[in-house]
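Undergrad:
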Amino acid sequence: AQSVTQLDSQVPVFEEAPVELRCNYSSSVSVYLFWYVQYPNQGLQLLLKYLSGSTLVKGINGFEAEFNKSQTSFHLRKPSVHISDTAEYFCAVTRSWGAQKLVFGQGTRLTINP
Amino acid sequence: EAGVTQSPTHLIKTRGQQATLRCSPISGHTSVYWYQQALGLGLQFLLWYDEGEERNRGNFPPRFSGRQFPNYSSELNVNALELEDSALYLCASSLDGALNTGELFFGEGSRLTVL
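Which chain is which? The protein sequence lines are A and B, in order. With the working numbering as the guide, the letters of the first sequence map in order to residues 56 to 169. With the working numbering as the guide, the letters of the second sequence map in order to residues -19 to 95.
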């Protein structure tokens, strides 16, 4: 089975500062990895995904993530955040074949202060 | 193209009652997933339907059930409601049941409040 741990439940940063949201996963088979964002009172929206190939993945809104197989991590980064990035961010994993569900982490609430 | 739609947006029930939540997937998507998002607990997998069949189920009691209709829409039923069932229920759809690209497309959710 797959599992995901998001290491920070809340991350406060100042506007225009860089941010890193940490995600570690556990799996005995190869996986697909995702970051989703949930803005207040909305459903989840895909930010980016890693399926195969380059370990550095670029997504929407200037976010990127790096797949590190040896450290079983998939941390999300943005070099300069904006007030509009305030949201909850979820890391998710599924096995890369015969998948039956997407397993989510507990979420990280990103708060941007002016 | 319309996204995943869920109804109702909000639902208030009392303990012991039943709740029915509905979901219409993106056109062409055959798989529907249900997740529960309770405060502080992240997203917990509830059910997966594909081609009208229940394919997988999370660690929830049998009073959580559902079905998928021939047009691939789905409904989630929660019987004998308990206070801890209060949550945002999210429906998602995918193009294929095997999640070959892994991506789910989510609706905005139905918020169930149990008093």
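Every residue, glycine too, gets a C-beta built ideally from N, C-alpha and C. Since the model is a prediction, treat every value here as computed from it, not as a measurement.
As an exercise, report each continuous beta strand (DSSP E) stretch of at least 3 residues that is fully enclosed by the region 1 to 86 of chain B, in chain order.
TA: The region 1 to 86 of chain B contains these whole beta strand (DSSP E) runs: 11 to 17, 23 to 30, 33 to 37, 44 to 48, 54 to 58 and 67 to 74.
Undergrad: Taking all protein chains shown into account, do 16 or more other C-beta atoms lie within 10 angstroms of the C-beta of Arg43 (chain B), making it buried, or fewer, making it exposed?
TA: Residue 43 (chain B) sits at position 63 when you count from the first residue of the second sequence. Classification for Arg43 (chain B): exposed.
Undergrad: For a contact defined as C-beta to C-beta under 7 Å, what are the partners of Lys113 (chain A) on chain C?
TA: The structure shown contains no chain C; the protein chains it does contain are A and B.
Undergrad: Please list the residues of the region 3 to 33 of chain B that have a C-beta atom closer than 9 Å to any C-beta atom in chain A, keeping them in chain order.
TA: Within the region 3 to 33 of chain B, the residues whose Cβ lies closer than 9 Å to some Cβ of chain A are Tyr13, Tyr15, Gln17, Gly20, Leu21, Gly22, Leu23, Gln24, Phe25 and Trp28, listed in chain order.
Undergrad: Measure the C-alpha to C-alpha separation of Val84 (chain A) and Arg(-5) (chain B) and round it to an integer number of angstroms.
TA: For the purposes of this step, residue 84 (chain A) is taken as the residue at position 29 of the first sequence. For the purposes of this step, residue -5 (chain B) is taken as the residue at position 15 of the second sequence. Using only the alpha carbons, I get a separation of about 42 Å.
Undergrad: Going along chain A, which residues have a C-beta under 7 Å from Phe86 (chain B)?
TA: Your numbering for residue 86 (chain B) matches position 106 in the second sequence. Per Cβ cutoff of 7 Å: Gly98 and Leu99.
Undergrad: Within the 8 Å Cβ cut-off, does Gly(-4) (chain B) reach chain A?
TA: The sequence position of residue -4 (chain B) within the second sequence is 16, counting from 1. Answer no: the Cβ-Cβ gap between Gly(-4) (chain B) and chain A never drops below 8 Å.
Undergrad: Please report how far the alpha carbon of Pro131 (chain A) lies from the alpha carbon of Tyr15 (chain B), in whole angstroms.
TA: Here the question's residue 131 (chain A) lines up with position 76 in the first sequence. Here the question's residue 15 (chain B) lines up with position 35 in the second sequence. Sequence inspection shows Leu at residue 131 (chain A); the Pro mentioned does not correspond to that position. The alpha-carbon atoms of Leu131 (chain A) and Tyr15 (chain B) are separated by roughly 23 Å.
Undergrad: Out of curiosity, what's the CA-to-CA distance linking Phe25 (chain B) and Phe69 (chain A)?
TA: Residue mapping note: residue 25 (chain B) aligns to position 45 of the second sequence, counting from 1. Residue mapping note: residue 69 (chain A) aligns to position 14 of the first sequence, counting from 1. Each residue's Cα considered, the two are about 34 Å apart.
Undergrad: Quick check on the DSSP output: the beta strand (DSSP E) that includes Lys156 (chain A) runs from which residue to which?
TA: As a position in the first sequence, residue 156 (chain A) is number 101, starting the count at 1. No beta strand (DSSP E) holds Lys156 (chain A); DSSP gives it neither H nor E.
Undergrad: Would you mind stating whether Ser151 (chain A) and Val86 (chain A) have Cβ atoms separated by less than 8 Å?
TA: On the first sequence, residue 151 (chain A) is found 96 positions in, with the first residue counted as 1. On the first sequence, residue 86 (chain A) is found 31 positions in, with the first residue counted as 1. For Ser151 (chain A) and Val86 (chain A), yes; Cβs fall inside 8 Å.
Undergrad: According to DSSP, Thr110 (chain A) sits in a beta bridge with which residue or residues?
TA: Reading the first sequence from its first residue, position 55 is the one you call residue 110 (chain A). According to DSSP, Thr110 (chain A) bridges with nothing at all.
Undergrad: Count the other CB atoms, across all protein chains shown, that sit within 10 Å of the CB of Tyr94 (chain A); report buried if there are 16 or more and exposed otherwise.
TA: By 1-based counting over the first sequence, the position of residue 94 (chain A) is 39. Looking at its Cβ environment, which holds fewer than 16 other Cβ atoms inside 10 Å, Tyr94 (chain A) is exposed.
Undergrad: So Lys104 (chain A) and Glu88 (chain B) are in contact, right, with Cβ under 8 Å, and what is the actual spacing, rounded?
TA: Position 49 of the first sequence holds residue 104 (chain A). Position 108 of the second sequence holds residue 88 (chain B). Not quite, the Cβ-Cβ distance comes to about 21 Å (not below 8 Å), so this is no contact.
Undergrad: Just tell me which of B:Thr10, B:Tyr13, B:Phe40 and B:Val12 has its CA closest to the CA of Asn59 (chain B).
TA: As a first step, residue 59 (chain B) is located in the second sequence; it is residue number 79 there, counting from the start. For the residues B:Thr10, B:Tyr13, B:Phe40 and B:Val12, the minimum Cα distance to Asn59 (chain B) belongs to B:Phe40.
Undergrad: With a threshold of 8 Å between beta carbons, is Lys104 (chain A) in contact with chain B?
TA: Here residue 104 (chain A) corresponds to residue number 49 of the first sequence, with the count starting at 1. Chain B contact via Cβ: present.
Undergrad: Could you tell me whether any Cβ in chain A is nearer than 8 Å to the Cβ of Gly46 (chain B)?
TA: Mapped onto the second sequence, residue 46 (chain B) falls at position 66. For Gly46 (chain B), the answer is no, since every Cβ of chain A falls outside 8 Å of its Cβ.
Undergrad: By how many angstroms is the C-alpha of Leu19 (chain B) removed from the C-alpha of His(-10) (chain B)?
TA: The residue labelled residue -10 (chain B) in the question sits at position 10 within the second sequence. The residue labelled residue 19 (chain B) in the question sits at position 39 within the second sequence. If you take the alpha carbons of His(-10) (chain B) and Leu19 (chain B), they lie about 16 Å apart.
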